[in-house]
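So the number in the working numbering is just where the residue sits in the sequence shown, counting from 1, plus 2.
Cβ atoms here follow ideal geometry from the backbone N, Cα and C, with glycine treated the same way.
Note sheet for the following structure.
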Amino acid sequence: MTKVYLIRHGKTEWNLQSRYQGAHGDSPLLESSYHEIEQLAESLRPVPIAHVYASPLKRARVTAQRLIDNINRPIPLTLDSRLAEFNLGKMEGMHFDEVAAKWPAALDNFRHHPDKYDAQLIESESFQEVIARVGTAIKEFCRNHSNDNIVVVSHGAALNATINALIGTPLAHLKDRGGLSNTSTTILQTSDAEHFELEKWNDTSYLHKTKVDPTDTI
Numbered sequence: 003m004t005k006v007y008l009i010r011h012g013k014t015e016w017n018l019q020s021r022y023q024g025a026h027g028d029s030p031l032l033e034s035s036y037h038e039i040e041q042l043a044e045s046l047r048p049v050p051i052a053h054v055y056a057s058p059l060k061r062a063r064v065t066a067q068r069l070i071d072n073i074n075r076p077i078p079l080t081l082d083s084r085l086a087e088f089n090l091g092k093m094e095g096m097h098f099d100e101v102a103a104k105w106p107a108a109l110d111n112f113r114h115h116p117d118k119y120d121a122q123l124i125e126s127e128s129f130q131e132v133i134a135r136v137g138t139a140i141k142e143f144c145r146n147h148s149n150d151n152i153v154v155v156s157h158g159a160a161l162n163a164t165i166n167a168l169i170g171t172p173l174a175h176l177k178d179r180g181g182l183s184n185t186s187t188t189i190l191q192t193s194d195a196e197h198f199e200l201e202k203w204n205d206t207s208y209l210h211k212t213k214v215d216p217t218d219t220i
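In structure tokens:
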């Protein structure tokens, strides 16, 4: 059995500002995010981790390296471009409200109805394209690590779509579980690198937050 710990990167300036930050946007992590990565590391320290895989985008790469540093034992790290965030096309860098005003139907479908999302209108990737590239990478990692624990550090939109697809969720219902929070952990397990079961969704209990900040989750 392979267990995959899927981590969304730490919170960034654009996350806080409610700006779309896809494959071509990469604002810095907030100072508070470094402390949250330490808390994440503490929660994972008892887990024997064979390998960490991360998106090469700086916010994910730094999260992954800081995670390993704080676990405080040598763990191999591989950067893989297939783990990059959803290419959001024209939405990149725009404030949520600006996108809602310019493309209300497209935004509603992106958030709630992935099966109806028109990627051509936004000049972005489609959900199917994101799921194919990220899902292929995760399956490959699992084939290479049968009976191991591995960590994948990636991005909210890409992980949300792919995790749900891997456990068999239809395209129309990918968003039914809600979003993934910054520095959250979602756990999948598989015995054959093809069929996956959800063990835990969007866990942030180790962050000990007392207030819900809507900008934490996408």
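Range covered by the beta strand (DSSP E) that runs through residue i
i: Asp205; result: 198-205
i: Ile189; result: 187-192
i: Val153; result: 151-156
i: Ile51; result: 51-56
Reduced DSSP secondary structure (H/G/I, E/B, other) of residue i
i: Ile39; result: helix
i: Thr14; result: strand
i: Arg21; result: strand
i: His114; result: helix
i: Leu161; result: helix
i: Ser34; result: helix
Straight-line gap, residue i to residue j (C-alpha atoms, nearest Å)
i: Lys60; j: Gly27; result: 10 Å
i: Ala103; j: Met96; result: 11 Å
i: Ile140; j: Asn17; result: 25 Å
i: Tyr55; j: Val153; result: 6 Å
i: Asn124; j: Leu168; result: A small correction: the amino acid at residue 124 is Ile; Asn does not occupy that position in the sequence shown. Between Ile124 and Leu168, the C-alpha separation is close to 25 Å.
i: Ser186; j: Leu42; result: 8 Å
i: Glu142; j: Ala195; result: 7 Å
i: Pro106; j: Ser207; result: 34 Å
i: Leu32; j: Lys213; result: 17 Å
Nearest-angstrom Cβ-Cβ length linking residue i and residue j, presumed shorter than 8 Å
i: Thr192; j: Thr4; result: 5 Å
i: Ile133; j: Thr65; result: Contact doesn't hold; Cβ gap of about 22 Å is too wide.
i: Leu182; j: Gly158; result: 5 Å
i: Asp150; j: Ala52; result: 4 Å
i: Ser35; j: Val155; result: Incorrect: roughly 13 Å between the Cβ atoms, too far for contact.
(request) Quick one: which unbroken alpha helix (DSSP H) runs of 4-plus residues sit fully inside the segment 69-104? Chain order, please. (result) 98-104
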